[in-house]
């Protein structure tokens, strides 16, 4: 319990990149050659009257100066503190881009700024109603440092009376995610606990079974979170699922043990004998269901994305912590109570046998119809699943009305955007980036990118030398072009040796072997951007001299998009692994290949139903939603194992197939329904999440588990009838299993 207070929270975007990916390796190498261009926070200030207003500009300038005192900020750039350098007979002069104290020059300042590609989209909107402050931050800030900067920035902005302001950047998004994760962890723990308590009270209506069951899952959750705290493992976005997962999975084990124990007490057995029978028949089956649930989570190890792998391993560990708690603490507590202390008078659970027998009778007489309906659901789900989309968007996990999403959309609507497009420029065969012929190639590519609709605000190494040509050409805008000769380039560099700005370090390496083309791109979806990147690469290969210079798309955004390829592969690999291991387990346990088929078929259909819902509803397959299928399969197959285990026990006692199925409905059907109800409502709690990915996990896993219950109570017994029941021969008194 003490270690739960030591839990830490983290949300590093880089953690979601595959560690052995070549694109990641190149991106890290490239960032070592040039200063990273993503250590920035963007602050946009809106003025409905237009930014060329004396009082607005004065206040904006005050904010710009105040931003320099923020913690972990190493540079502040805005139009109000930027100037244009001009070489004059008196030396180098810096002319302000905006003459704040001289409103008479606002018109000429506006004209000059709005025609300059270096400023429009990045520092000022095209309608001249928004100005941007770019804060350059220290590299590799910790979560605490990022949250400190974020909090101080918003406190500072709150002290001004601007029409509106918007903040965007990696640090802002990470700070938002960490706060949300902490909030949702607390929320889910409370809601899951209340839900479990409510359901237990409704089911048992007796003090002691409610107390014992609730204590069991609470102890299991505390042990689990305490171990994570002791390990020092930081929790990320996916970790917010842990409280719900532990409570509902633990409660499923408790219900099976408690229901069986009460059934044995009702047969007149003493407490200890009743518990021995319970552990023998249900304890082993519960272990198997815990194992298959852990297998479902463990299958996530096939993913190359670290947080998903860690989620799988930690969840599998949690499943066994929950099982161990139930099989020790719960059973030890229960043997101290007899039937009157555990079962309320006139308990509603007495109605369960009648309900189960009604379902049994329906299934027995409607076998062909159930098979046809299952086949139609299978076909329809396959069709719906074919619509499944992997065209993910950068902030699609965040709801539309949350501030980071609204800010992100503001930058896309009013300015160049937030999402980066980055292209590495690599000089080849002894050439240098600052050679005129190389700069012309860079300028050619930059102009091509500028002409693409989703791309805006392009910066390139060529802009450095275009700016130098303007500086030493009298400051006239028509001089903003590449120098006409290599001699001029060399002269400009020599004269400017002591004045190299941040742009030099960001756009060109010290050894002049690497350059950068940087831009902003609209978040049109990962699949669409992948097609655009393919188009760009084809154009570059046809229209540039690759013997002299090579262009390679790189950057954080590219790595985010590449994750989708890994998600598809890891999803199918994970499911295949889960199917294989569960099949192997079923073959060992039942020693009958028919049981392997029977155990898988009723659980494949619910997964296909979930995929169809995602496809039809347009729910994106991404890091957060990719775990739905393996998690749902691992949990859903539990009911199948309980049903088949009881069926096998009945057969071993000499019952016919029909008698075994009937007895399985009577003794196991109730527990299956109760555990599914708990799991269903437990995962529905995730609908309270502000993260769309978590919301969809709650919705789809709940639907999958409910679908699995229906197939287990309908299709599964039909398959048992069809695959095990032999025709009667004359003189046979029983139908024996195959």
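In this note's numbering, the protein residues as written are 170 to 907.
Glycine is no exception: its CB is placed at the ideal position from the N, C-alpha and C atoms.
Quiz item: Ordered along the chain, which non-local residues of its own chain (more than five positions away) have a Cβ less than 6 Å from that of residue 225?
Solution: Excluding residues up to 5 positions away in sequence, 216 lie with their Cβ nearer than 6 Å to the Cβ of residue 225 in the same chain.
Quiz item: Rounded to the nearest angstrom, how far is the Cβ of residue 573 from that of residue 345, given a contact under 8 Å?
Solution: The pair is a contact, with the Cβ atoms about 5 Å apart (cut-off 8 Å).
Exercise. Report all residues from its chain with a CB closer than 7 Å to the CB of residue 887; omit the five preceding and five following residues, and keep chain order.
Key: By the criterion of a C-beta distance shorter than 7 Å, residue 887 is surrounded in its chain by 532, 536, 539 and 540, once the five residues flanking it on both sides are discounted.
Exercise. State whether the region 383 to 400 contacts the region 434 to 452, with contact taken as three or more CB pairs (one from each stretch) at a distance under 8 Å.
Key: Touching, no, given that fewer than three Cβ pairs across the two stretches are closer than 8 Å.
Exercise. Please work out which residues of its chain come closer than 7 Å, Cβ to Cβ, to residue 332, disregarding the five sequence neighbours upstream and downstream, and give them in chain order.
Key: Residues of the same chain with a CB within less than 7 Å of the CB of residue 332, apart from the 5 flanking positions on each side, are 215, 216 and 217 in chain order.
Self-check item: residue 719 - DSSP class collapsed to helix/strand/coil
Solution: Under the three-state reduction of DSSP, residue 719 is assigned to strand.
Quiz prompt | Contact the region 475 to 486 vs the region 453 to 466: 3+ CB pairs below 8 Å | solution = Taking 8 Å as the limit for Cβ pairs, the verdict is that the region 453 to 466 does touch the region 475 to 486.
Quiz item: Between which two residues does the alpha helix (DSSP H) containing residue 352 stretch?
Solution: Note, residue 352: alpha helix (DSSP H), 339 to 373.
Practice problem: Would you decide whether residue 355 is buried or exposed? Buried here means 16 or more other CB atoms lie within 10 Å of its CB. | Solution: Sixteen is the threshold: since fewer than 16 other Cβ atoms of the shown chains lie within 10 Å of the Cβ of residue 355, the residue is exposed.
Quiz prompt | Beta-carbon spacing of residue 839, residue 428 below 8 Å | solution = Closer than 8 Å, so yes.
Practice problem: Output the residue ranges of the alpha helix (DSSP H) runs that lie fully inside the region 852 to 900 and measure 4 residues or longer, sorted by chain position. | Solution: If you keep only unbroken alpha helix (DSSP H) runs of at least 4 residues inside the region 852 to 900, you get 861 to 882 and 884 to 893.
Quiz prompt | Whole-number beta carbon distance between residue 795 and residue 740, since they are thought to touch under 8 Å | solution = Confirmed, Cβ separation roughly 5 Å.
Practice problem: Report the rounded CA-to-CA distance for residue 493 versus residue 563, giving the unit in angstroms. | Solution: A direct Cα-to-Cα measurement between residue 493 and residue 563 gives close to 40 Å.
Quiz item: Cα separation between residue 377 and residue 800?
Solution: Taking the straight line from one Cα to the other gives about 32 Å.
Quiz item: How would you call residue 829, buried or exposed, if buried means at least 16 neighbouring beta carbons within 10 angstroms?
Solution: In the assembly as shown, residue 829 is a buried residue. Its beta-carbon has 16 or more other beta-carbons within 10 Å.
Exercise. Mind listing, in chain order, the continuous beta strand (DSSP E) runs of no fewer than 3 residues lying wholly within the region 622 to 710?
Key: If we require 3 residues or more, the beta strand (DSSP E) runs fully inside the region 622 to 710 come out as 624 to 629 and 683 to 690.
Quiz item: Which term fits residue 622, buried or exposed, when burial requires 16 or more other beta carbons within 10 angstroms of its beta carbon?
Solution: In this structure residue 622 is exposed. Its beta-carbon is surrounded by fewer than 16 other beta-carbon atoms within 10 angstroms.
Quiz item: Is any beta-carbon of chain C found at less than 8 Å from that of residue 293?
Solution: No chain C is part of this structure, which consists of one protein chain only.
Quiz item: Per DSSP, residue 617 is paired with what?
Solution: BP columns for residue 617 are empty, so no partner.
Quiz item: Rounded C-beta distance between residue 872 and residue 410? I'm assuming under 8 Å.
Solution: At roughly 16 Å, the Cβ-Cβ gap does not stay under 8 Å, so residue 872 and residue 410 are not in contact.
Quiz item: Residues bridged to residue 425 by DSSP?
Solution: Beta-bridge pairing links residue 425 to no other residue.
Practice problem: Locate the beta strand (DSSP E) running through residue 592, then write down its first and last residues. | Solution: Here the beta strand (DSSP E) through residue 592 covers 589 to 596.
Exercise. Could you give the DSSP three-state label for residue 761: helix, strand or coil?
Key: Residue 761 carries a coil assignment under DSSP once its states are collapsed to helix, strand and coil.
Quiz item: Whose C-beta lies closer than 6 Å to the C-beta of residue 583 among residues of the same chain, with five residues either side of it excluded?
Solution: The beta carbon of residue 583 sits closer than 6 Å to the beta carbons of 294 and 299 from its chain, once the five residues preceding and following it are set aside; these are given in chain order.
Quiz item: Among residues of its own chain, excluding the 5 on either side of residue 771, which ones have a beta-carbon nearer than 8 Å to its beta-carbon?
Solution: Excluding five sequence positions before and after residue 771, the CB atoms of its chain that fall closer than 8 Å to its own CB belong to 809, 877, 880, 881, 884, 885 and 888, given in chain order.
Quiz prompt | Whole-angstrom distance between residue 832 and residue 529, CA atom to CA atom | solution = Note on geometry: alpha-carbon atoms of residue 529 and residue 832 lie some 10 Å from one another.
Self-check item: Close-in-space but distant-in-sequence residues of the same chain around residue 608 (CB under 8 Å, 5 per side omitted)
Solution: Correct list, in chain order: 602, 630, 631, 634, 651 and 658.
Quiz item: Anyone know if the C-beta pair for residue 211 and residue 330 falls short of 8 Å?
Solution: It is not a contact, given that the beta carbons lie outside the stated cut-off.
Practice problem: Return the chain-ordered list of same chain residues with a C-beta closer than 7 Å to the C-beta of residue 255, the five sequence neighbours on each side being excluded. | Solution: Leaving aside the five residues that flank residue 255 on each side, the residues in its chain whose CB is nearer than 7 Å to its CB run, in chain order, 262, 264, 640, 643 and 644.
Quiz item: Does DSSP put residue 548 in a helix, in a strand, or in coil?
Solution: In the structure shown, residue 548 adopts helical secondary structure according to DSSP, grouped into three states.
Self-check item: Closest residue to residue 321 among 231, 240, 289 and 393 (Cα-Cα distance)
Solution: If you compare the alpha carbons of 231, 240, 289 and 393 with that of residue 321, the shortest gap goes to 240.
Quiz prompt | Range of the contiguous beta strand (DSSP E) that encloses residue 264 | solution = That run of the beta strand (DSSP E) goes 260 to 265.
Quiz item: With a cut-off of 8 Å, do at least 3 Cβ pairs link the region 542 to 562 to the region 677 to 691?
Solution: At 8 Å Cβ cutoff, the stretches do not touch.
Practice problem: Below 7 Å CB to CB, which residues in the same chain sit around residue 910 once its five sequence neighbours on both sides are set aside? | Solution: Residue 910 falls outside the range modelled here, since the chain spans only 170 to 907, and no answer is possible.
Quiz item: From 269, 173, 203 and 175, pick the residue whose C-alpha is nearest to that of residue 592; which is it?
Solution: Taking only the C-alpha atoms, the option nearest residue 592 is 203.
Self-check item: Close-in-space but distant-in-sequence residues of the same chain around residue 605 (CB under 8 Å, 5 per side omitted)
Solution: Only 651, 652, 654, 655 and 658 meet the Cβ criterion.
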